[in-house]
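Trainee:
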Amino acid sequence: MAVGILQVEHLTKRYGGLTAVNDVSFNLMEREILSVIGPNGAGKSTLFKLIASFVKPSSGRVVFDGEQISGRAPHIVARKGVVRTFQEATIFKGLTVRDNVVIAHHLRSRANLLGFYLGTATARADEAEFGRSADEILAFLGLTELRDEQASALPQGHLRALGIAIGLATNPRVLLLDEPFAGMNHDETMRAVELVRGVRDRGVTVMLVEHDMPAVMKISDRIVVINFGQKIAEGTPAEIQKDEKVIEAYLGVEDEAIGM
Amino acid sequence: MSNSLKLAGALALIVVLLVVVPVALSTTGRNDLYYTLTLIALLSVASAGVWITFYIGRINIGQAAYALIGGYVSAILVVDYGWSFWLTIPAAGVVSAAIAILIGLPILRLRGVYFAMVTLVSTEVARLAALALPITHGARGMSNLPPPGPIAIGPLTLIPDFASMADTHLAFYLLSAITMLAVFGLVYRLVHSRLGRLFVALQQNEELAASMGVNIARLRIIAYAFSSFLGGVAGAIFSAISQSVYPNSFTTQDSINFMLNCFLGGLGYVFGPMLGTLVLQLGWNLLSEAAIYQELIYAIVLIALMLVLPNGILSLLGMRARKAAR
Chain A
1 MAVGILQVEH LTKRYGGLTA VNDVSFNLME REILSVIGPN GAGKSTLFKL
51 IASFVKPSSG RVVFDGEQIS GRAPHIVARK GVVRTFQEAT IFKGLTVRDN
101 VVIAHHLRSR ANLLGFYLGT ATARADEAEF GRSADEILAF LGLTELRDEQ
151 ASALPQGHLR ALGIAIGLAT NPRVLLLDEP FAGMNHDETM RAVELVRGVR
201 DRGVTVMLVE HDMPAVMKIS DRIVVINFGQ KIAEGTPAEI QKDEKVIEAY
251 LGVEDEAIGM
Chain B
261 MSNSLKLAGA LALIVVLLVV VPVALSTTGR NDLYYTLTLI ALLSVASAGV
311 WITFYIGRIN IGQAAYALIG GYVSAILVVD YGWSFWLTIP AAGVVSAAIA
361 ILIGLPILRL RGVYFAMVTL VSTEVARLAA LALPITHGAR GMSNLPPPGP
411 IAIGPLTLIP DFASMADTHL AFYLLSAITM LAVFGLVYRL VHSRLGRLFV
461 ALQQNEELAA SMGVNIARLR IIAYAFSSFL GGVAGAIFSA ISQSVYPNSF
511 TTQDSINFML NCFLGGLGYV FGPMLGTLVL QLGWNLLSEA AIYQELIYAI
561 VLIALMLVLP NGILSLLGMR ARKAAR
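Protein chains in written order, with our numbering: chain A, 1 to 260; chain B, 261 to 586.
1) Kindly list, in the order they appear in chain B, the residues whose Cβ is closer than 7 angstroms to that of residue 84(A).
2) Just the chain A side, please: which residues come within less than 7 angstroms of residue 475(B) by C-beta, in chain order?
3) So, with DSSP's three-state summary, where would you put residue 452(B)?
4) Count the other CB atoms, across all protein chains shown, that sit within 10 Å of the CB of residue 323(B); report buried if there are 16 or more and exposed otherwise.
5) Taking just the CA atoms, how far does residue 431(B) sit from residue 278(B)?
6) Any chance you could list the beta strand (DSSP E) runs of at least 3 consecutive residues sitting entirely within the region 289-327 of chain B, in chain order?
7) From residue 273(B) to residue 296(B), what does the alpha carbon distance come to, in whole angstroms?
8) Ends of the beta strand (DSSP E) at residue 231(A)?
9) Which value, in whole angstroms, describes the spacing of the CA atoms of residue 124(A) and residue 176(A)?
10) In the DSSP assignment, the alpha helix (DSSP H) including residue 383(B) goes from what residue to what residue?
11) Below 9 angstroms between beta carbons: does that hold for residue 129(A) and residue 61(A)?
12) Please confirm if residue 399(B) has its CB atom under 9 angstroms from at least one CB of chain A.
13) Going by C-alpha distance, which of 485(B), 559(B), 398(B), 531(B) is nearest residue 573(B)?
14) Would residue 473(B) and residue 107(A) be called neighbours here (beta carbons separated by less than 9 angstroms)?
15) If we ignore side chains and look at the alpha-carbon of each, how far apart do residue 165(A) and residue 6(A) end up?
16) Are three or more beta carbon pairs between the region 198-212 of chain A and the region 231-249 of chain A nearer than 8 angstroms?
17) Going by DSSP in three states, residue 571(B) sits in which element: helix, strand or coil?
18) 9 angstroms is my cut-off, CB to CB: does residue 18(A) come that close to chain B?
19) Tell me, to the nearest whole angstrom, how far the beta carbon of residue 94(A) is from that of residue 541(B); I am working on the premise that it is less than 8 angstroms.
20) Taking only runs that begin and end inside the region 21-53 of chain A, name each unbroken alpha helix (DSSP H) of 4 or more residues, in chain order.
21) Would residue 425(B) be called buried (16 or more neighbouring beta carbons within 10 Å of its own) or exposed?
22) Taking beta-carbon pairs under 8 angstroms, can you tell me which members of the region 424-453 of chain B lie near chain A?
23) Name the two residues that bound the continuous alpha helix (DSSP H) containing residue 122(A).
24) From residue 567(B) to residue 413(B), what distance separates their C-alpha atoms?
25) Mind listing the chain B neighbours of residue 143(A)? Cutoff is C-beta to C-beta under 8 angstroms, in chain order.
26) Assign residue 400(B) to buried or exposed, taking buried as 16 or more other Cβ atoms, counted over all protein chains shown, within 10 Å of its Cβ.
27) If you draw a straight line from the C-alpha of residue 561(B) to the C-alpha of residue 299(B), how long is it?
28) Enumerate in chain order the residues of its own chain whose CB-to-CB distance from residue 282(B) is below 8 angstroms, with the five nearest sequence positions on each side excluded.
29) Mind checking who residue 266(A) pairs with in its DSSP beta bridge?
30) Could you pull out every residue in the same chain whose Cβ sits closer than 7 angstroms to the Cβ of residue 410(B), ignoring the five residues on either side in sequence?
31) Does residue 439(B) pass the burial test, meaning 16 or more other C-beta atoms within 10 Å, or should it be called exposed?
32) Would residue 99(A) and residue 80(A) qualify as a contact pair, given that the criterion is a beta-carbon distance under 9 angstroms?
33) To the nearest angstrom, report how far apart residue 56(A) and residue 39(A) are at their CA atoms.
34) Cβ of residue 249(A) within 9 angstroms of Cβ of residue 227(A)?
35) Taking a cut of 8 angstroms between CB atoms, which residues from the region 118-146 of chain A lie near chain B?
36) Measure the CB-CB distance between residue 162(A) and residue 195(A) and report whether it falls below 9 angstroms.
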């Protein structure tokens, strides 16, 4: 049995009368790829925001590495090693591809803000190291040729890759990917699947929220299924495909949608 | 631009402001222009502060409040507590920054037009506070402020007593020009440091910056406090020059002008607020010939400029560079 790195415990989020996430619990194992799936409006995105601490839970908690992270500021949670990417291609549009990744190294800097301003030796050493690391990450994600492009000029698929590059640059232990395959064609998706596997092989635990069922079935070690805010199933892709409750939840979308 | 070219540009600016302008004005006998140029230098210092809040993605229409606070802090410390004027300059900046931190903590959560509206109100709040508080001497304000005293280390006089001068115009001009140069040096350094990169990250997307572990609340406060510090410094020097400060020394109209200076010069350029202030202030003075049509012409020219050059006057430089590259 692998070691659990992040525990979701009885997590609940209510918005007025609506319960978006209802008593969800599961365990994220070190170095696994876990996907959260569910029909539209099932509460996946809310769950995602709860784990990254962009939203505070109504009850329940999230524990990372033995320490409660829910309720703390997002930048604190990121510093501890739980980093999210965003659903839409959220990047710093006005900066170059490389600068996006360099800035994302912020967490690793040893110099303080005053050091940044004065340009102390530490700050400059940081800067040089971030540049090297950024170049390495861009090469890993196949973005080297685009490094000097304005980020706003990138096509969809590369934007997603840049989003992942930004996430990687923060040196996370758990990377939360919000719909990394949305808006991609089949070939792009297959490339992105390989990328995510590569990220995991670097020692990062990956949790993703995704609609693209074939991709989810292909990539995941385990899957958690959410419907109407509640967890209805959890297991390997093979187990999920056979699960009656899951098939029922997706009824109308037909079997094809869950990759059978 | 290469580094040596930048250095040459900076040196040229210093020489022009501190040598060429004074020599030219004294040989032509246009001593009256000193006051205009002094004003432009001070207003551009306050505008540089507004520019920094733009740099983190906030529209700040409240800088006059901090200039007013700075003016009062300096006047009160000099008159009621017997401080040297020179010490009140940093003190005014620090008090303005401290108040900005208190106000900024709640309001910097707001974005876009909401933040702008709150800051717009703040100048009026500062004016009413100046009217109501006992320490600010009410509606008549404080007048007949003494001129700045000397600074001396032992027998060496660094700055002579302003009261001993026949004409203080040149001295105040030099004080303001040096302050402006120092402030724009600081802002230039900010923009070209990693701290500046983080400010841009904030401007572009605060949530993404937070997800990278950037403490966005802290950076916003730092930027706003720095911005207000500059407003306070400008206000302090202004009160010494006009030898007075009263509740209407800085009004909402000034707040709006500080913002316009930034727009007009260019939000993407460190020296945008300096150029914007120069153009707006000189333009306004030139238009005084047009008497009752002054405001009309001024408004039309402003609108036209913003339509033609939405990224500011300095964006002309970028256009030429892009054309050359083509």
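Ideal Cβ placement from N, Cα and C applies to all residues, glycine included.
In this text, all values refer to a predicted model and were calculated from it rather than measured experimentally.
Mentor: Well, looking at it:
1) 471
2) 75
3) coil
4) buried
5) 11 angstroms
6) none
7) 18 angstroms
8) 230-235
9) 30 angstroms
10) 372-392
11) no
12) no
13) 531(B)
14) yes
15) 22 angstroms
16) no
17) coil
18) no
19) Actually they are not in contact, since the Cβ atoms of residue 94(A) and residue 541(B) sit about 30 angstroms apart, beyond 8 angstroms.
20) 44-51
21) exposed
22) 449, 450, 453
23) 121-140
24) 53 angstroms
25) Within 8 angstroms Cβ-Cβ: nothing; residue 143(A) doesn't reach chain B, min ~17 angstroms.
26) exposed
27) 22 angstroms
28) 430, 433, 434
29) Because residue 266(A) is not part of the residues shown, which for chain A are 1 to 260, the question remains open.
30) 417, 419, 420, 421
31) buried
32) no
33) 23 angstroms
34) yes
35) 118, 119, 123, 126, 127
36) no
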